[in-house]
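Some notes on the structure that comes next.
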Amino acid sequence: MENLKGFIVPAIDIRGGRVVRLYKGDFDREKVYHENPVELAKRFDRLGFKRIHVVDLDGAKEGL
């Protein structure tokens, strides 16, 4: 795992202030994975990841 940390970039998709995943990009079908994106980012940092891919799904859908 240690060698992969330079190649794997964890992703945090945020919608409504929570970490979610959309089913096939469908905004009506989401699964909540974590209530606090900041805490999840801190967890990734503690695990040694140097980069995180963050997506604001509200902004992506609404434009701002």
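For the sequence shown, the working numbering begins at 25 and goes up steadily by one. All C-beta atoms, glycine included, are put in the ideal place defined by N, C-alpha and C.
Tell me the residue span of the beta strand (DSSP E) that contains residue i.
| i | result |
| --- | --- |
| V62 | Not the beta strand (DSSP E): V62 falls in the alpha helix (DSSP H), residues 61-70. |
| V78 | 77-80 |
Just verifying my parser: in three-state terms, what is the DSSP assignment at residue i?
| i | result |
| --- | --- |
| K85 | helix |
| F51 | strand |
| R39 | strand |
| V44 | strand |
| V56 | strand |
Leaving aside the five residues before and after residue i along the sequence, list all residues of the same chain whose C-beta is less than 6 Å from its C-beta, in chain order.
| i | result |
| --- | --- |
| H77 | V33, A35 |
| R75 | V33 |
Keeping to the same chain, check which residues put their C-beta closer than 7 Å to that of residue i; ignore five residues upstream and five downstream.
| i | result |
| --- | --- |
| D69 | none |
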